[in-house]
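Right, one structure below, let's go through it.
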Amino acid sequence: MFPMENRNDFENPGEYPSQELTSLILEWGKVKADLEKFYRVRDKQNINVRMKKGIDLFLQYLFCSNEMAVVRKGPFPLDSLRYKPVNVSERLGFILKRPSLYHSYRQLSELFLEQEKLFAKKLIMKKASKP
Numbered sequence: 007m008f009p010m011e012n013r014n015d016f017e018n019p020g021e022y023p024s025q026e027l028t029s030l031i032l033e034w035g036k037v038k039a040d041l042e043k044f045y046r047v048r049d050k051q052n053i054n055v056r057m058k059k060g061i062d063l064f065l066q067y068l069f070c071s072n073e074m075a076v077v078r079k080g081p082f083p084l085d086s087l088r089y090k091p092v093n094v095s096e097r098l099g100f101i102l103k104r105p106s107l108y109h110s111y112r113q114l115s116e117l118f119l120e121q122e123k124l125f126a127k128k129l130i131m132k133k134a135s136k137p
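The following block contains the structure:
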């Protein structure tokens, strides 16, 4: 059921500089717009496809914003992440179990937003700590 089963379980986090993370957010914006449209017309087949893509994008963003290799198959080492949304394990578990629910989409949207803020905070703190 996992989004990208045919891909490697791990990727090199060095392949994702800040501009690449920005492109993940832009891609999420496109997926999000599609999902809004599909939920409006209750197109479950396309909802599932786009939610899987959205989940994959979130996992890439989550791990790469923590400078870790991307893990695409569970169990996810979420406890080892320094920058992560509150209750990410429970929320992601809910989304993975029920990807077609509108509430899952809302949770995924909020997780993206929270992780964006945490990544921005990380960059600010990193910049402030430089002499």
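Quick note on the numbering used here: the sequence shown kicks off at 7 and runs consecutively.
Built from N, CA and C at the ideal position, the CB exists for glycine as well.
Helix, strand or coil at residue i according to DSSP, with G and I counted as helix
i           : result
residue 13  : Note that residue 13 scores 42 on pLDDT, short of 50, meaning its location in the model is unreliable and no value can be drawn from it.
residue 125 : helix
residue 74  : coil
residue 8   : Summary for residue 8: the model assigns pLDDT 44, below 50, so the residue's position carries little reliability; its value from the coordinates is reported in the next sentence. Looking at residue 8 - three-state DSSP - the assignment turns out to be coil, as it is neither helix nor strand.
residue 82  : coil
residue 133 : helix
N- and C-terminal bounds of the alpha helix (DSSP H) containing residue i
i           : result
residue 107 : Looking at the DSSP string, residue 107 is not in any alpha helix (DSSP H), and its letter there is neither H nor E.
residue 57  : 50-70
residue 92  : Looking at the DSSP string, residue 92 is not in any alpha helix (DSSP H), and its letter there is neither H nor E.
residue 39  : 24-47
Proximity to residue i [Cα-Cα], best of the options
i           : options          : result
residue 111 : 98, 122, 123     : 98
residue 115 : 59, 48, 85       : 59
residue 93  : 109, 74, 46, 117 : 117
residue 48  : 108, 79, 62      : 108
residue 61  : 87, 31, 45       : 31
residue 101 : 123, 86, 56      : 56
Distance between beta carbons of residue j and residue i, contact taken as under 8 Å
i          : j           : result
residue 86 : residue 121 : Going by Cβ atoms, the distance from residue 86 to residue 121 rounds to 15 Å, so no, they are not a contact pair.
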